[in-house]
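I have placed the structure first, in the form of structure tokens, so that the comments after it can refer back to it.
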Amino acid sequence: MSWDIARAATVLLEAEDNRTERGPITDEWPGLGLDTAYRVQDETLRRRLDRGEHIVGVKLGLTSRAKQERMGVAAPLTAWLTDGMLLPAGAPVPQQRLIHPRAEPEIVFVMKNRLAGPGVTAATALAAVGSVHGGIEVIDSRYRDFRFTLPDVVADNASSGRFLTGPVGVPPEKLDLAMEACLVEVDGQVADSATGAAVQGHPAEALALAANDLGRRGLAIEPGWIVLTGGMTDAVPVPPGSTVAVHFTHLGSLHLTGG
């Protein structure tokens, strides 16, 4: 059976809905390129919207150079956030809906103004931000062992799973985002730490990257949207019974249970 955008979208959404991991699509469709992978991603979004979900923002993936090297991927990527991915405060990781969830800390922007590329710089991007929050993204690749190429993970909406944002919102001008630090604890033990500089040198650079990437596709980041700027540290598994805490310097603390 030949591969096309519709089939790839069907395969990925069925894997998500059925909690069934699989090998990379590029193992069977070696001609899958980056532009086509984004068209697959947009098709999965269209189907999510058709079933009642709503766009709430965008996310960036693999913005850390160390993470790019570990995953064997050469560049960051953008993907969609819908309200179906929101994890309410205090809710556990929905293990019954995910395959192999992992959690990573994020610096999160809530947009004040529309941001449209191309030509967006970090400075103009930051000026469009209303507030900055701490966050946790629960990623969940549909690919076995998180093994994928860049087109694979783009098509898979950047391993989207669930996300939560903290209640502490700070105007961006009040923070040194490159120096904003986070500490990750797993079951009470320190697992990792990082600063905002791990995200493309500065989280606003990641925001500009997202705006320019969407601009090339005739899209923009809209007012009120949430932007996850990418994992500051490597992702940690969150199996049932586990607890993850993320403590930021100025953005408060978030806690997540594995259910």
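The opening position of the sequence shown corresponds to residue -12 in the working numbering, with each subsequent residue numbered one higher. Virtual Cβ for every residue (Gly too), placed ideally from N, Cα, C.
Asked: Could you check if K161 is buried or exposed, using at least 16 other CB atoms within 10 Å of its CB as the buried criterion?; Found: exposed
Asked: Just to confirm my understanding: we take F135, look at its own chain, exclude 5 residues before and 5 after, and list those with CB closer than 6 Å. What are they?; Found: P11
Asked: Which of helix, strand or coil does DSSP assign to R34?; Found: helix
Asked: Give the DSSP-derived three-state secondary structure of A168 in the structure shown.; Found: strand
Asked: How is the alpha helix (DSSP H) around R(-6) delimited, first residue to last?; Found: -8 to 5
Asked: Do three or more CB pairs link the stretch 115 to 128 to the stretch 81 to 100 at distances below 8 Å?; Found: yes
Asked: Hey, would you say V80 sits closer than 8 Å to G188, going by beta carbons?; Found: no
Asked: From the DSSP output, in three-state form, read off G183 for me.; Found: helix
Asked: Considering only the beta carbon of each residue, do L243 and G153 sit closer than 8 Å?; Found: no
Asked: Which ranges would you report for the alpha helix (DSSP H) in the stretch 77 to 127 if only whole runs of at least 4 residues count?; Found: 109 to 114
Asked: Looking at T220: is its Cβ nearer than 8 Å to the Cβ of E91?; Found: yes
Asked: Bridge partners for V214 per DSSP, in chain order?; Found: V45, F96
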